[in-house]
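Colleague: Going by full-length UniProt numbering, the first residue of the sequence shown is number 1, and it counts up by one from there. Ideal Cβ positions, reconstructed from N, Cα and C, are used throughout, including at glycine.
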Amino acid sequence: LDYCCSCDYLNVYDGPSTSSRFMEQLCHSNTSHKEIQSSSNYMTVLFRSNNSEVGRGFRAYFSSLLDQNT
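1) If you compare alpha carbons, which of V12, H28 and P16 is closest to F22?
2) Which residue marks the beginning of the beta strand (DSSP E) containing D14, and which one marks its end?
3) Whole-angstrom Cβ separation of D8 and R48, contact assumed at under 8 angstroms?
4) In chain order, what residues of the same chain lie with their CB nearer than 7 angstroms to the CB of residue 74, ignoring the 5 residues before and after it?
5) When burial is assigned at 16 or more other CB atoms within 10 Å of the CB, is L26 buried or exposed?
Next up, the structure:
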């Protein structure tokens, strides 16, 4: 991600679309070892870039947990 947080960033939403509840915006200064948990089995990640630089990009890991109440 670029060093300009308004240029390149990820927006994370708690649901199946960008109209779901906004959870967090991630950019170069706050992406390291960040854990975000959704309230359901949906999470939307939106990547925005101004295309001014080509860099290493980002890496994300996703996992799911079995609901113990079912």
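Modeller: In short, the structure shows the following:
1) Nearest to F22 by C-alpha distance, out of V12, H28 and P16, is V12.
2) Start and end: Y9 to D14.
3) About 7 angstroms separates the two Cβ atoms, so the contact holds.
4) This structure gives no information on residue 74, because the portion of the chain shown stretches from 1 to 70.
5) Buried is the call here.
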